[in-house]
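Trainee: Numbering (our numbering), first residue to last: 1055 to 1291.
Heads up, the beta-carbon is just placed ideally off N, CA and C, and yes, glycines get one too.
Before I ask anything, here is the structure I am working with.
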């Protein structure tokens, strides 16, 4: 562990999920590939759209409804509806888009958490309440972590993405303690560390998806502590 700020006693933990408990990049790429295979089989017109076309669809949707930028599920569903509208009649559009979305979402949560992470979360959950706050939309039950957490908060149109304060405030309101008694654990020094500190919380920096070299990171604020592994939390609680 490396300490950057004095750490007060911790009565609760909040966790980011993607890239903190697992490497999310390969998972998303596999889900995108599965969706593309489904589109090629059932909707060749949409399958032939270039990545730039999908980005433009998303940009246009966000321009019309900026809140969609904080809801990856709704944004993907609306993108699919838009892409499929050129080849499907209106009565068939919603079912087809949902089938595509479900195909992606099932694959997006089709992975296993490392046993060491399971063990750590299980031990921590016996000591203090845990809450997950994520900008993503992984299915916690499917990946086997639902039982460790008191609550899951996913960014959506009503709870803007981190580093906005809404998700942190929702977690604070759920916990019976002061913000400075909560330690937020996350991989992103802006979305997680800056966002949590601005909300009055303490922070622990841990990234599962990359080597942690502070000088190579985009950072505006230092965390309270840098972890070498999540098991370090067991020494702090």
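To the nearest angstrom, report how far apart residue 1135 and residue 1198 are at their CA atoms.
Mentor: Those two C-alpha atoms are separated by around 30 Å.
Trainee: For residue 1192, which of 1061, 1131, 1082 has the nearest alpha-carbon?
Mentor: 1082
Trainee: Tell me, please, which residues DSSP counts as bridged to residue 1208.
Mentor: 1188
Trainee: Keeping to the same chain, check which residues put their C-beta closer than 7 Å to that of residue 1154; ignore five residues upstream and five downstream.
Mentor: 1089, 1092, 1093, 1134
Trainee: Residues bridged to residue 1259 by DSSP?
Mentor: 1240, 1280
Trainee: Can you look up residue 1290 in the DSSP assignment and give me helix, strand or coil?
Mentor: helix
Trainee: How many Å lie between residue 1185 and residue 1125 at the Cα?
Mentor: 19 Å
Trainee: Checking the sheet assignment: what are the DSSP bridge partners for residue 1227?
Mentor: In DSSP, residue 1227 forms no bridge with anything.
Trainee: Answer with yes or no whether the minimum CB distance from residue 1271 to chain C is below 9 Å.
Mentor: In the structure shown, chain C cannot be found, because there is only a single protein chain.
Trainee: Alpha carbons only, please: which of 1113, 1177, 1062 is nearest the one belonging to residue 1169?
Mentor: Per the C-alpha coordinates, the member of 1113, 1177, 1062 positioned closest to residue 1169 is 1177.
Trainee: Which same chain residues, not among the five before or five after residue 1271, have their C-beta less than 8 Å away from its C-beta?
Mentor: 1243
Trainee: Taking the DSSP output, what are the residues bridged to residue 1076?
Mentor: 1072
Trainee: At what residues does the alpha helix (DSSP H) containing residue 1202 begin and finish?
Mentor: Unbroken run through residue 1202: none, as it is neither H nor E.
Trainee: Write down every uninterrupted run of the alpha helix (DSSP H) in the segment 1146-1191 whose length is 4 residues or greater and which is fully enclosed by it, in chain order.
Mentor: 1169-1181
Trainee: Does the segment 1272-1281 come close enough to the segment 1254-1263 that 3 or more CB-CB pairs lie under 8 Å?
Mentor: Yes, since at least three Cβ pairs between the segment 1254-1263 and the segment 1272-1281 fall closer than 8 Å, the two stretches touch.
Trainee: Let's see if you can read the secondary structure: which residues bound the alpha helix (DSSP H) around residue 1140?
Mentor: Segment: none, residue 1140 is in no alpha helix (DSSP H) and carries neither H nor E.
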